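Just so we're aligned: the sequence shown equals residues 1 to 174 in the UniProt record's numbering. Single-structure report; data block below.
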Amino acid sequence: MERDIAQGMILHTQLAQAALEIMHTRGLYIAMAESCTGGLLSYHFTALSGASQVFLGSMVSYANEIKHKWLNVKEADLQAYGAVSEPVVRAMCEGVLRESGADIALATSGIAGPSGGSAKKPVGSVYIGVQSRGSKMQEGKTIVSYNHFSGDRQSVQLQSCAKALEMLLTLLNS
Numbered sequence: 001m002e003r004d005i006a007q008g009m010i011l012h013t014q015l016a017q018a019a020l021e022i023m024h025t026r027g028l029y030i031a032m033a034e035s036c037t038g039g040l041l042s043y044h045f046t047a048l049s050g051a052s053q054v055f056l057g058s059m060v061s062y063a064n065e066i067k068h069k070w071l072n073v074k075e076a077d078l079q080a081y082g083a084v085s086e087p088v089v090r091a092m093c094e095g096v097l098r099e100s101g102a103d104i105a106l107a108t109s110g111i112a113g114p115s116g117g118s119a120k121k122p123v124g125s126v127y128i129g130v131q132s133r134g135s136k137m138q139e140g141k142t143i144v145s146y147n148h149f150s151g152d153r154q155s156v157q158l159q160s161c162a163k164a165l166e167m168l169l170t171l172l173n174s
């Protein structure tokens, strides 16, 4: 288990470094809105030298009330779809772009476990979103993916970070 976590952290560092270099070269800035990853995604950027050249910050919006107050996620969407949903993650991306002025947003919301899941949304269900603003990225783009990860809480969080970083690199390379 500890070895898997260490290998995951190395992979995340490599993915974050690749994204950081691309964003620095293009003069792009990123901000994040994290729920189930609780700041872990941001950690992978801030652990790197040069992160301050592209990383503006992160909002850990764990509670629905904070998603609504800080990111302007509609209460109606939280009620209708739940925090772990495409509309909410899309709104989290939009909110963090608006509040930060960044060019790119990453957002995560999921059920890391071991409890909190349901038949409809089991433990390991995670929505991840990446959104670009239309200015420096030619045209704005939003990608939201549903993922179902296995393992314990830490494993779900680590897998969520890896997927988010992969999605970021896909956006940057498109």
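Where a beta carbon is used, it is the ideal one built from N, C-alpha and C, also for glycine. Just so we're clear, the structure is a prediction, and the values are computed from it rather than from any experiment.
At a cut-off of 6 Å, would you count residue i as near the ligand FMN, judging by its Cβ distance to the nearest heavy atom?
| i | result |
| --- | --- |
| residue 99 | Annotation note on the ligand FMN: not contained in the displayed structure, which lists no ligands. |
So which of the options has the shortest CA-CA distance to residue i?
| i | options | result |
| --- | --- | --- |
| residue 66 | 55, 154, 174, 78 | 78 |
| residue 141 | 166, 94, 63, 108 | 94 |
| residue 126 | 24, 85, 100 | 85 |
| residue 210 | 171, 129, 174 | Residue 210 lies beyond the stretch modelled for the chain, which goes from 1 to 174, so this question has no answer here. |
| residue 97 | 80, 55, 119, 63 | 55 |
| residue 119 | 101, 148, 99 | 148 |
| residue 167 | 143, 31, 70 | 143 |
| residue 11 | 153, 45, 116, 171 | 45 |
| residue 92 | 20, 116, 35 | 35 |
| residue 103 | 131, 116, 82 | 131 |
Under a Cβ-count criterion, where at least 16 other Cβ atoms within 10 Å of its own Cβ denotes burial, should residue i be classed as buried or exposed?
| i | result |
| --- | --- |
| residue 39 | exposed |
| residue 76 | exposed |
| residue 90 | buried |
| residue 53 | exposed |
| residue 121 | buried |
| residue 50 | exposed |
| residue 107 | buried |
| residue 14 | exposed |
| residue 150 | exposed |
| residue 63 | exposed |
| residue 101 | exposed |
| residue 80 | exposed |
| residue 124 | buried |
| residue 174 | exposed |
| residue 37 | buried |
| residue 47 | exposed |
Going by the DSSP bridge assignment, what does residue i pair with across the sheet?
| i | result |
| --- | --- |
| residue 176 | A question about residue 176 goes unanswered here, because the residues of the chain that appear run from 1 up to 174. |
| residue 146 | 127 |
| residue 30 | 55, 104 |
| residue 60 | 34 |
| residue 109 | 127 |
Is the CB of residue i under 7 Å away from at least one CB in chain D?
| i | result |
| --- | --- |
| residue 152 | Among the chains in the structure shown there is no chain D, since it carries only a single protein chain. |
query = Taking contact to mean at least 3 C-beta pairs separated by less than 8 Å, is the region 103 to 112 in contact with the region 157 to 165?
reply = yes
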